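**Q** Below is the structure I would like to discuss, written out as structure tokens.
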Amino acid sequence: MSSLPSDHTSVRTFDSVSVGDALPPLTVHVDRARLVQYAGASLDRNRIHWDEPFAKKVGLPDVIAHGMFTMGSAVTLVTDWVGDAGRVVEYGVRFTRPVVVPYDTGADIEVSGVVKAADPETKRVTVELTATAAGEKVLGRALAVARLD
Amino acid sequence: MPVNADFQGRVYPPTETYRVSAAKIREFAEAVGSADPVHVDPEVARARGYADVIAPPTFAVLIAQQCDAQLIRDPEAGIDFSRVVHGEQRFAHHRPLTAGDAVIGTLHVDAVREAGGHAMVTTRTELATEAGEPVCTATSTIVIRGAE
Chain A
1 MSSLPSDHTS VRTFDSVSVG DALPPLTVHV DRARLVQYAG ASLDRNRIHW
51 DEPFAKKVGL PDVIAHGMFT MGSAVTLVTD WVGDAGRVVE YGVRFTRPVV
101 VPYDTGADIE VSGVVKAADP ETKRVTVELT ATAAGEKVLG RALAVARLD
Chain B
1001 MPVNADFQGR VYPPTETYRV SAAKIREFAE AVGSADPVHV DPEVARARGY
1051 ADVIAPPTFA VLIAQQCDAQ LIRDPEAGID FSRVVHGEQR FAHHRPLTAG
1101 DAVIGTLHVD AVREAGGHAM VTTRTELATE AGEPVCTATS TIVIRGAE
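In order, the protein sequence lines correspond to chains A and B. Read in the numbering used here, the first sequence has 6 at position 6, and its numbers run on one by one without any break. The number in the numbering used here is simply the position in the second sequence, starting from 1, with 1000 added.
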């Protein structure tokens, strides 16, 4: 695997990538403060993401992370590897399970990625992401397509 | 069915303009933990060929969810927001959202279907600049849980 682009202007080259390559894994720690930060940034202020009594009242085990927080933080694995966040041209996920975020410990989301396809015509690569929390998959069919140099 | 099936195929009028700001991009990038300086440093962004700082790949949800609200709050649709769960989300970017963009969203209700007492609604928001340049297609599937 080639080294990460470091001068902020170079993007990973298509020729340096092969189908089957694994991206460096990432652990995203999420706690209540982070969810409040995301709620403000995204304008998604649904109480289930920060108000524990409310979350329990509507039948959830505890506060849960925004699915879009998980989706947005997981793709940093791809954008860091590519070297430019603007090169992700497609990104889609299914939300298979909520990430439960207890007050005391928060939660860790473990993210990994593998190159599943590479198209020499367009220099686009498809990365399949796996994200788990508490040992369970929280994203399904998580595919990001990035345009390389 | 916990949603009005007649809504399939409906297209809402274009929204008011959303102005993408460098400040909101920075706030969003910090919240999702994207450390790429292209979100905060205009010089880095210009060196990569962008007009100004660019947003992370999922930023478009912020605008798309405001578009979705037209459907969710539409009394005729009959959706109980407290029963809504996000099922799927997808983005196709024509180019990154960039600080200074003046963006308009048009909401399409692509599918309304029922499965196991729940309703699933797939919406598509087409984001384009005021000048009509397509920027992003955001597709979302929400699940509306049926009454127990």
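Even for Gly, the Cβ is constructed at its ideal location relative to N, Cα and C. Note that this is a predicted model, so its numbers are computed, not measured.
1) Using only the alpha-carbon positions, how far apart do V1011/B and D104/A sit?
2) Okay, do the segment 53-63 of chain A and the segment 74-92 of chain A touch, 3+ Cβ pairs below 8 Å being the bar?
3) Using three-state DSSP, classify H1108/B as helix, strand or coil.
4) So does D1068/B have its beta carbon nearer than 8 Å to some heavy atom of the ligand ATP?
5) Nearest by alpha-carbon distance to P1014/B: which of G1116/B, L1107/B, V1135/B and R1145/B is it?
6) Taking only beta-carbon atoms, is S112/A less than 9 Å away from chain B?
7) Could you tell me which chain A residues have their CB closer than 9 Å to the CB of D1036/B, listed as they occur along the chain?
8) Along the segment 27-45 of chain A, what residues have a CB closer than 9 Å to any CB found in chain B?
9) Among the residues of its own chain, which have a CB less than 7 Å from the CB of S6/A, if the five just before and after it don't count?
10) If you drop the 5 nearest sequence neighbours on each side, which residues of the same chain put their C-beta closer than 8 Å to that of G20/A?
11) Let's see if you can read the secondary structure: which residues bound the alpha helix (DSSP H) around S42/A?
12) Mind checking if V1032/B is an interface residue toward chain A, Cβ cutoff 9 Å exclusive?
13) Taking 9 Å as the cut-off, decide whether the C-beta atoms of L26/A and A74/A are in contact.
**A** To lay it out plainly:
1) Residue mapping note: residue 1011/B aligns to position 11 of the second sequence, counting from 1. Residue mapping note: residue 104/A aligns to position 104 of the first sequence, counting from 1. In a straight line, the C-alpha of V1011/B is about 45 Å away from that of D104/A.
2) no
3) Locating residue 1108/B in the second sequence gives position 108, where the first residue counts as 1. The answer is strand: DSSP assigns H1108/B an E or B state.
4) Judged by which ligands are present, the structure shown has none, so any question about the ligand ATP falls away.
5) Position 14 of the second sequence holds residue 1014/B. Of G1116/B, L1107/B, V1135/B and R1145/B, the residue nearest in Cα terms is L1107/B.
6) Indexing the first sequence from 1 puts residue 112/A at position 112. Judged by the 9 Å Cβ criterion, S112/A is not in contact with chain B.
7) Here residue 1036/B is taken as the residue at index 36 of the second sequence, counted from 1. Ordered by position in chain A, the residues that pass the 9 Å Cβ test against D1036/B are H8, T76, T79, D80, G83, D84, A85 and G86.
8) V28, R34, Q37, Y38, A39, G40, A41, S42, L43 and D44
9) Start at 1 with the first residue of the first sequence, and residue 6/A comes out as number 6. Bear in mind that a pLDDT of 49 at S6/A, under 50, signals an unreliable position, so the model cannot answer this.
10) As a first step, residue 20/A must be located in the first sequence, where it is residue number 20. Taken in chain order, the residues that qualify are V114 and V115.
11) Against the first sequence, residue 42/A aligns to sequence position 42. Start and end: R32 to S42.
12) Stepping through the second sequence from its first residue, residue 1032/B is reached at position 32. Chain A, which has a Cβ nearer than 9 Å to the Cβ of V1032/B, makes this yes.
13) Reading the first sequence from its first residue, position 26 is the one you call residue 26/A. Reading the first sequence from its first residue, position 74 is the one you call residue 74/A. Yes, they are a contact pair.
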